[in-house]
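Enquirer: To convert a position in the sequence shown, counted from 1, into the numbering used here, add 101.
Don't be surprised by glycine CBs; every beta carbon is placed ideally from N, CA and C.
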Amino acid sequence: MSDERRYRLLKLLCEQPQASQRQLSQALGISVGSLNYAVNALIDRGWVKANNFRNSRNKLAYAYLLTPSGIDAKARIAVRFLKRKMDEYEALEQEIAQLKAEVAEMNDRPSVNAHPPTDAARDDLSKTDAS
Numbered sequence: 102m103s104d105e106r107r108y109r110l111l112k113l114l115c116e117q118p119q120a121s122q123r124q125l126s127q128a129l130g131i132s133v134g135s136l137n138y139a140v141n142a143l144i145d146r147g148w149v150k151a152n153n154f155r156n157s158r159n160k161l162a163y164a165y166l167l168t169p170s171g172i173d174a175k176a177r178i179a180v181r182f183l184k185r186k187m188d189e190y191e192a193l194e195q196e197i198a199q200l201k202a203e204v205a206e207m208n209d210r211p212s213v214n215a216h217p218p219t220d221a222a223r224d225d226l227s228k229t230d231a232s
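#1: Considering only the beta carbon of each residue, do residue 138 and residue 151 sit closer than 9 Å?
#2: Are the segment 184 to 191 and the segment 112 to 120 touching, with three or more C-beta to C-beta distances below 8 Å?
#3: Considering only the beta carbon of each residue, do residue 111 and residue 148 sit closer than 9 Å?
#4: Note down, in chain order, each residue of its chain lying with its Cβ closer than 8 Å to the Cβ of residue 106, except the 5 sequence neighbours on either side.
#5: What first and last residue would you give for the alpha helix (DSSP H) that runs through residue 207?
#6: Per DSSP, which residues does residue 120 bridge with? Please list them.
#7: For residue 102, I'd like the list of residues in its chain whose CB is within less than 6 Å of its CB, leaving aside the five on either flank, ordered along the chain.
#8: Round the Cβ separation of residue 210 and residue 104 to the nearest angstrom and send it over; I've been treating them as touching at under 8 Å.
#9: Pull the bridge partners of residue 128 from the DSSP assignment, please.
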């Protein structure tokens, strides 16, 4: 599981500890099976603890709670995630600046038709010009 997906899952578990796996999987855009695997991996690492509770329909459900080591892991992952996003942002800023410069340069040049009209198109143009 990528840092981004792991961070999003840990964040979601903090915000909605009593959400069902179906709700969590929909929020993350992954299958219930993938979510179950990911949650169990977090439990195995000791980052998440699953507590039983009864929901409003008197059915047994789980509340997923981050452990102290899970909270620490979430913070470490958040730092890595933020750094990667900032690097992506800086790269995009550079790319945007380059594209703006290219567009400005193209606008300063005289217009050149990259695809001159074919003979048939030229004939059609001359017919409409003659009318």
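Expert: This is what the structure gives:
#1: no
#2: no
#3: yes
#4: 129, 131, 139
#5: 169 to 209
#6: In the DSSP output, where bridge partners are listed per residue, residue 120 has none listed.
#7: 139
#8: Not a contact, Cβ separation roughly 44 Å.
#9: In DSSP, residue 128 forms no bridge with anything.
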